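Q: Residue numbers (the working numbering): 8 to 371.
All residues carry an ideal CB built from backbone N, CA and C; glycine is no exception.
The structure presented is a predicted model; accordingly, all values stated were derived computationally and were not measured.
There's a structure below that I have some questions on.
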Ligand SMILES: Cc1cc2nc3c(=O)[nH]c(=O)nc-3n(C[C@H](O)[C@H](O)[C@H](O)COP(=O)(O)O)c2cc1C
């Protein structure tokens with residue numbers, strides 16, 4: 008049997024197979040950042056993944072940047088997430104929650120009144136976000152965090168990790184890429200600070216290292232992972248030395264003994280992100296980006312990592328694990344409904360067994 012279907016332990020997380028569902032923002036939460044009934048169906052349908060990493064979720068109201076993305080900072084959100092983790096658990100699955108603070112990549116239109124857009128500095132990202140009221144809008148000019156403000160953000164993450172456990176998640180993943188707050192600190196171009204959070208690479212990785220340390224002390228290091236994509240320019244971020252940044256962050260958090268590092272391929276052709284992660288981290292590696300069944304199997308057999316995560320294939324194939332096991336064809340998905348509301352193009356993709364009767368016939 009393929010190594011993909013062998014069980015795996017990552018820290019305190021026990022996976023029944025090595026096929027991980029990667030986090031995907033799908034904008035199906037309410038305007039109050041509360042998960043919905045459609046999300047219960049969607050995640051339950053995908054419970055056969057060895058681990059589901061639920062979509063980027065804000066640790067605080069300030070951390071919300073996009074419309075209809077969920078939070079984990081109030082009791083209504085915790086209660087709604089509990090419905091999801093319970094449904095997935097009853098279907099035999101397990102979940103961790105990705106914590107995503109978008110920092111300067113956000114609009115006040117997508118935040119509750121009183122919430123702020125914060126970042127290491129006050130320079131705006133040359134990026135736009137979608138809002139339901141006004142369509143594509145420029146991101147806000149952020150407010151530069153004070154030292155005290157940084158401490159508050161770290162505390163929000165710590166509390167969010169505890170909230171995630173209360174909501175039934177097995178652990179949390181810190182989103183450290185795609186131009187969001189941790190990466191805004193790590194990349195010199197978006198971090199003009201002259202205090203202990205800016206300047207040298209050791210200073211620039213201090214913010215994500217502090218967050219990971221706080222979350223590990225709250226819920227146990229074996230329940231905390233982090234996600235990196237060295238050199239990812241998404242959302243106007245520029246890291247001039249992604250090798251040094253990755254090495255420094257891994258070095259800073261190595262003593263914690265975190266559950267896993269979720270490592271994406273680098274968009275820089277000359278940079279082998281998986282080899283870089285193996286060199287600098289002793290945490291189990293979840294490999295991501297562009298895999299199909301055969302290439303995932305080959306990567307694990309070659310010892311490149313411990314598990315492989317799939318994002319887009321999980322959109323149209325709720326039973327992706329079964330399809331990979333049997334070699335069945337993979338369905339595509341409809342791009343137009345990625346971030347719309349309601350079940351269409353979200354929780355109405357059929358399993359193989361249901362396909363002939365109900366297939367909406369999406370193609371990628
Ligand atoms: C619709 C969509 C939403 C995504 N949202 C997130 C997210 O919330 N957090 C994150 O870390 N990555 C996010 N990603 C990136 C995926 O997790 C993944 O890294 C990427 O799609 C490449 O993997 P794949 O080739 O298996 O699709 C998203 C991708 C897609 C297609």
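(1) Compute the Euclidean distance between the alpha carbons of residue 19 and residue 102, then round it to the nearest angstrom.
(2) Would you mind stating whether residue 193 and residue 279 have Cβ atoms separated by less than 8 angstroms?
(3) Taking the CB atoms as reference points, tell me whether residue 281 and residue 312 lie closer together than 8 angstroms.
(4) If you follow the alpha helix (DSSP H) that residue 61 is part of, which residue opens it and which one closes it?
(5) Report the rounded CA-to-CA distance for residue 58 versus residue 359, giving the unit in angstroms.
(6) Is it true that the CB of residue 209 sits closer than 8 angstroms to the CB of residue 255?
(7) Is there contact between the stretch 343 to 355 and the stretch 28 to 39, where contact requires at least three CB pairs shorter than 8 angstroms?
(8) Do residue 189 and residue 214 have their C-beta atoms closer together than 8 angstroms?
(9) Quick check on the burial criterion: 16 or more other C-beta atoms within 10 angstroms. Buried or exposed for residue 83?
(10) Tell me whether residue 29 counts as near ligand 1, meaning its Cβ is closer than 7 angstroms to at least one heavy atom of that ligand.
(11) Apart from the five residues on each side of it in sequence, which residues of its chain come closer than 6 angstroms, Cβ to Cβ, to residue 55?
(12) At 3 residues or longer, what runs of the beta strand (DSSP E) sit wholly inside the stretch 112 to 139?
(13) Starting from the C-beta of residue 100, find all residues in its chain whose C-beta is less than 7 angstroms away, skip the five residues before and the five after it, and write them out in chain order.
(14) Along the alpha helix (DSSP H) that carries residue 193, what are the first and last residues, could you check?
(15) Enumerate in chain order the residues of its own chain whose CB-to-CB distance from residue 23 is below 6 angstroms, with the five nearest sequence positions on each side excluded.
(16) Decide if residue 262 is buried, meaning its Cβ has at least 16 other Cβ atoms within 10 Å, or exposed.
(17) Starting from residue 388, trace the beta strand (DSSP E) both ways and give me its first and last residue.
(18) If you draw a straight line from the alpha carbon of residue 88 to that of residue 45, how long is it in whole angstroms?
(19) In chain order, which beta strand (DSSP E) runs of at least 3 residues are fully inside the stretch 225 to 291?
(20) Have a look at 222, 47, 228 and flag the residue whose alpha-carbon is nearest the alpha-carbon of residue 291.
(21) Got a sec: does ligand 1 put a non-hydrogen atom nearer than 7 angstroms to the Cβ of residue 193?
(22) Thinking just about the alpha-carbon of each residue, which of 306, 156, 356 is nearest to the one in residue 320?
(23) Consult DSSP for residue 78 and reduce its assignment to one of helix, strand or coil.
(24) Looking only at C-alpha atoms, which of 74, 301, 350 sits nearest to residue 141?
(25) Where does residue 105 fall in DSSP's three states?
(26) Measuring only from the beta carbon, is residue 176 closer than 7 angstroms to any heavy atom that is part of ligand 1?
(27) Compute the minimum distance between the beta carbon of residue 117 and the heavy atoms of ligand 1, and state whether it is under 7 angstroms.
(28) Using a Cβ-Cβ cut-off of 7 angstroms (strictly less than) and excluding sequence neighbours within five positions of residue 51, which residues of its own chain qualify?
(29) For a test of your reading of the model: does the CB of residue 306 fall under 7 angstroms from any non-hydrogen atom of ligand 1? Yes or no.
(30) Run the proximity test for residue 110: is its beta-carbon closer than 7 angstroms to any non-hydrogen atom belonging to ligand 1?
(31) Measuring alpha carbon to alpha carbon, tell me which residue in 204, 260, 216, 275 is nearest residue 239.
(32) Of the residues 352, 322, 337, which one's Cα is nearest the Cα of residue 28?
A: Reading it off the structure:
(1) One C-alpha to the other measures close to 12 angstroms.
(2) Against a cut-off of 8 angstroms, the Cβ pair of residue 279 and residue 193 comes out as no contact.
(3) Yes; because the gap between Cβ atoms is below 8 angstroms, this pair is in contact.
(4) The continuous stretches of alpha helix (DSSP H) do not include residue 61, which lies in the beta strand (DSSP E) extending over residues 58 to 64.
(5) Answer to the nearest angstrom: the Cα atoms are 21 angstroms apart.
(6) Cβ atoms of residue 255 and residue 209: closer than 8 angstroms.
(7) Taking a contact to require three or more Cβ pairs closer than 8 angstroms, the stretch 343 to 355 and the stretch 28 to 39 qualify as touching.
(8) Yes, Cβ-Cβ distance for residue 189 and residue 214 is below 8 angstroms.
(9) Taking all protein chains shown into account, residue 83 has fewer than 16 neighbouring C-beta atoms within 10 Å of its C-beta and is therefore exposed.
(10) With a cutoff of 7 angstroms, residue 29 counts as near ligand 1, since its C-beta is closer than that to a heavy atom of the ligand.
(11) Counting only Cβ-Cβ distances below 6 angstroms, and skipping sequence neighbours, we find 328.
(12) Contiguous beta strand (DSSP E) elements confined to the stretch 112 to 139 occur at 135 to 138, taking only those with 3 or more residues.
(13) Apart from sequence neighbours up to five positions away, the residues of its chain that approach residue 100 with a beta-carbon distance below 7 angstroms are 54, 55, 56, 59, ordered along the chain.
(14) Start and end: 188 to 193.
(15) Answer for residue 23: 14, 57, listed in chain order.
(16) Only exposed fits residue 262, as fewer than 16 other CB atoms lie within 10 angstroms of its CB.
(17) Shown here, the chain extends from 8 to 371; a query on residue 388 therefore has no answer.
(18) Rounded to whole angstroms, the gap between the alpha carbons of residue 88 and residue 45 is 12 angstroms.
(19) Secondary structure within the stretch 225 to 291: the beta strand (DSSP E) runs of 3 or more consecutive residues, fully enclosed, are 231 to 235, 267 to 271 (chain order).
(20) Among 222, 47, 228, the Cα nearest to that of residue 291 is on 228.
(21) Outside the cutoff, so no.
(22) It is 356 whose Cα lies nearest to the Cα of residue 320.
(23) Strand.
(24) The shortest Cα separation from residue 141 among 74, 301, 350 belongs to 74.
(25) In the structure shown, residue 105 sits in a strand (DSSP, three-state: E or B).
(26) Relative to ligand 1, even the nearest heavy atom lies 7 angstroms or more away from the CB of residue 176.
(27) It does not: the Cβ of residue 117 is nowhere closer than 7 angstroms to a heavy atom of ligand 1.
(28) Here the set comprises 94, 95, 98.
(29) No; taking the cut-off as 7 angstroms, the Cβ of residue 306 has no heavy atom of ligand 1 nearer than that.
(30) A distance criterion of 7 angstroms places the beta-carbon of residue 110 beyond contact range of ligand 1, judged by its closest non-hydrogen atom.
(31) Of all alpha-carbon atoms in 204, 260, 216, 275, the one lying nearest the alpha-carbon of residue 239 is that of 275.
(32) If you compare the alpha carbons of 352, 322, 337 with that of residue 28, the shortest gap goes to 322.
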